[in-house]
Every structure is written in C-alpha cells, then in structure tokens.
Amino acid sequence: MAWINACRPQGSVRNSVTVVFDGKEGLLVGARHAVPLQAGSDIKFIFSKGQSADDLIKKIIEQSSDQRTWVVVSDDKDIKLYVRALGANVMSVKEFMKSAIQRTRPDKYISLTDQARINRELERIWLKSQ
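For the sequence shown, numbering that gives the first Met the number 0 gives the first residue as 0, with consecutive numbering after it.
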C-alpha cells in the first residue's frame, strides 16, 4: 500500500485502486465490499470470501456502469480475455510496473538499451577529441 500511495501507479489522483484478494478478510472488517485500509485512502481492498478472486473481478467489471474506465492488472490469461471482452483495459503485471516506474521518474528513467547507446556515443565523442 505504501508503494501505491507513494508512486501512484494508477496515474491521476482521480483514479482509484481496488486490490482483490482470495479468501477471508484479515484485520479489515466488511468483507465482500471495498473497505479503505486508511481513512481518506483511495485504495480499496476486497476479500473474495466464498468465491475466487477471479470470479469477483469478473463480477465487478460486469456490474460496472462503464467497463472502459477499468484497467485490470493480471497475468491470468482467463481474466485478461474475459474483462477485455467486456470492454475493460488489461495490462500484465510487468507492463504495469514498468509504466508506473516510468511515470514516477520520467526524467530520471533511462532504459538499459538507451544507457548503452549513450555510453557508446560518449565514448566515440570523447575518444575522438583526445
């Protein structure tokens, strides 16, 4: 949760995050509905209690008034195909993490490929001028 609050991988402050867990609630109360972990938090945790988290995610998207506003982050092929067919957007966990890192540090993030290219170019320039 601290990472989500600090990095805001969901982008805009208007975008909320819902994390769905398999099983019963832990220390939170109010299973089967979203309960903010902290007052004022836009991160909601839902425990599937009695059904699989996959089925609950499908139900949430199905019951949404506008499925196109949802982005489901999962590596589960069944979930991705199902919610995409409903109109929701999907991202793999790797894609989501990469975009979150780039969004939180756009001016400081340089891919390994770009780093190698820059180093080669600097070597060419510096060694040529000496």
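Even glycine gets a Cβ: it sits at the ideal position worked out from N, Cα and C.
Per the DSSP calculation, residue i is bridged to which residue(s)?
| i | result |
| --- | --- |
| residue 68 | For residue 68, which the question treats as bridged, DSSP gives no partner whatsoever. |
| residue 42 | 16 |
| residue 88 | 70 |
Would you kindly work out how many angstroms separate the C-alpha atoms of residue i and residue j, rounded to a whole number?
| i | j | result |
| --- | --- | --- |
| residue 17 | residue 43 | 5 Å |
| residue 67 | residue 119 | 43 Å |
| residue 51 | residue 58 | 11 Å |
| residue 56 | residue 93 | 19 Å |
| residue 111 | residue 49 | 45 Å |
| residue 15 | residue 62 | 17 Å |
| residue 35 | residue 13 | At residue 35 the pLDDT is 48, less than 50, meaning the model places this residue with poor confidence and gives no usable figure here. |
Check the C-beta distance from residue i over to residue j and give it rounded, since I have them as a contact under 8 Å.
| i | j | result |
| --- | --- | --- |
| residue 70 | residue 78 | With a Cβ gap of about 12 Å, residue 70 and residue 78 do not count as contacting. |
| residue 75 | residue 53 | 7 Å |
| residue 87 | residue 60 | 5 Å |
| residue 19 | residue 47 | 6 Å |
Starting from the Cα of residue i, find the closest Cα among the options and give me that residue.
| i | options | result |
| --- | --- | --- |
| residue 45 | 21, 93, 62 | 21 |
| residue 85 | 95, 115, 65, 125 | 65 |
Please list the terminal residues of the continuous alpha helix (DSSP H) segment that includes residue i.
| i | result |
| --- | --- |
| residue 54 | 52-62 |
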